[in-house]
Amino acid sequence: MTPAPLSPAPIWRRFAAFAYDAILVIAVWMAATLALLPFTGGEAVPASGPWHLAYQAYLSALAALYFIGFWVKTGQTPGMRAWSIRLTDGEGEPPRLKAAAIHFSVGLLVMLTAGLLLLLAHRDKDKRALHEKAAHTRILHRPVTK
Numbered sequence: 001m002t003p004a005p006l007s008p009a010p011i012w013r014r015f016a017a018f019a020y021d022a023i024l025v026i027a028v029w030m031a032a033t034l035a036l037l038p039f040t041g042g043e044a045v046p047a048s049g050p051w052h053l054a055y056q057a058y059l060s061a062l063a064a065l066y067f068i069g070f071w072v073k074t075g076q077t078p079g080m081r082a083w084s085i086r087l088t089d090g091e092g093e094p095p096r097l098k099a100a101a102i103h104f105s106v107g108l109l110v111m112l113t114a115g116l117l118l119l120l121a122h123r124d125k126d127k128r129a130l131h132e133k134a135a136h137t138r139i140l141h142r143p144v145t146k
């Protein structure tokens, strides 16, 4: 039996995969914050000042490493694997580092709009969202066949 062809991932699957990954990234952030406690004397990171900026950069870098690392290695984060979607380049392979970094960066912009820019993918003839166009990537889904 031949597998079903890949098609653009539905928006609901993209949101579901992101929600799954968001939970995992929050867990990574919690562990990373715990690792900082010996350096802060067991106190919380101050809510302002240089330590706060460094902490925000640290957490942002961890999120970028999570997504970009998985995308470059396999084309799928754990959330994407759970929802049977993958990020590919123009050849159907996992994206290279530059494309994954662009996809992540523009994807942040999309998420800052509460995902509203993602809805524009419905209007695109190839069902590609802004971050897919910017990075020359595709988020694809392989439908389950019986």
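Take 1 as the starting number for the sequence shown in our numbering and just add one per residue. Built from N, CA and C at the ideal position, the CB exists for glycine as well. These figures come from a predicted structure and were not determined experimentally.
How far does the alpha helix (DSSP H) with His52 in it extend, from its first residue to its last?
Taking the first residue of the sequence shown as 1, we reach residue 52 at position 52. Where His52 is concerned, the enclosing alpha helix (DSSP H) stretches over 50–74.
With a 10 Å radius around its C-beta and 16 neighbouring C-beta atoms as the bar for buried, classify Met30 as buried or exposed.
If you number the sequence shown from 1, residue 30 lands on position 30. Looking at its Cβ environment, which holds fewer than 16 other Cβ atoms inside 10 Å, Met30 is exposed.
Let me check understanding here. Comparing Cα to Cα, which of Ala32, Leu140, Ser105 lies closest to Gln56?
Here residue 56 refers to the residue found at position 56 of the sequence shown. Gln56 has its Cα closest to that of Ala32, out of Ala32, Leu140, Ser105.
I'd like to check one pair, Pro95 with His103: are the Cβ atoms closer than 8 Å?
The residue you call residue 103 lines up with position 103 of the sequence shown. The residue you call residue 95 lines up with position 95 of the sequence shown. Using a Cβ distance threshold of 8 Å, His103 and Pro95 count as a contacting pair.
Leu140 versus Lys127: straight-line alpha-carbon distance, rounded
Here residue 140 refers to the residue found at position 140 when the sequence shown is read from its first residue. Here residue 127 refers to the residue found at position 127 when the sequence shown is read from its first residue. Spanning the alpha carbons of Leu140 and Lys127 requires a straight line of approximately 10 Å.
Would DSSP call Ser84 helix, strand or coil?
In the sequence shown, residue 84 corresponds to position 84, counting from 1. In this structure, Ser84 counts as coil in the three-state DSSP scheme.
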